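**Q** Residue numbers for the sequence shown follow my numbering, so the first one is 542 and each next one is one higher. Glycine residues also receive a C-beta, built at the ideal position from the N, C-alpha and C atoms. These numbers were taken from a predicted model, which means no experiment stands behind them. Can you keep this structure in mind? I'll have questions shortly.
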Amino acid sequence: MNFQIEYEREEDGRWLAEVPQLPGVLAYGTSANDAMAKAQVLALRVLAERLEHNETGPQAITFSIAA
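Next up, the structure:
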């Protein structure tokens, strides 16, 4: 599985990162790296939950970054 992380700077200066392939996986941070790290953690939690409930099979997971 390859997931893309998209990020952008909000007008208030915060950074927003999201994983479009996983609805609801988005996170704010004080920097782009902070927001992306938080989004990765949240995405991994969602994937772990899906594995626990047999909603997906175990596969290699990779993340790519898109500005």
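1. For the alpha helix (DSSP H) that contains Asn543, what are its first and last residues?
2. Whole angstroms is fine: what's the gap from Asn543's alpha carbon to Thr603's?
3. Consult DSSP for Leu583 and reduce its assignment to one of helix, strand or coil.
4. Where do the ends of the beta strand (DSSP E) carrying Glu559 lie?
**A** If we stick to the structure as given:
1. No alpha helix (DSSP H) holds Asn543; the beta strand (DSSP E) holding it covers Asn543 to Arg550.
2. 5 Å
3. helix
4. Trp556 to Glu559
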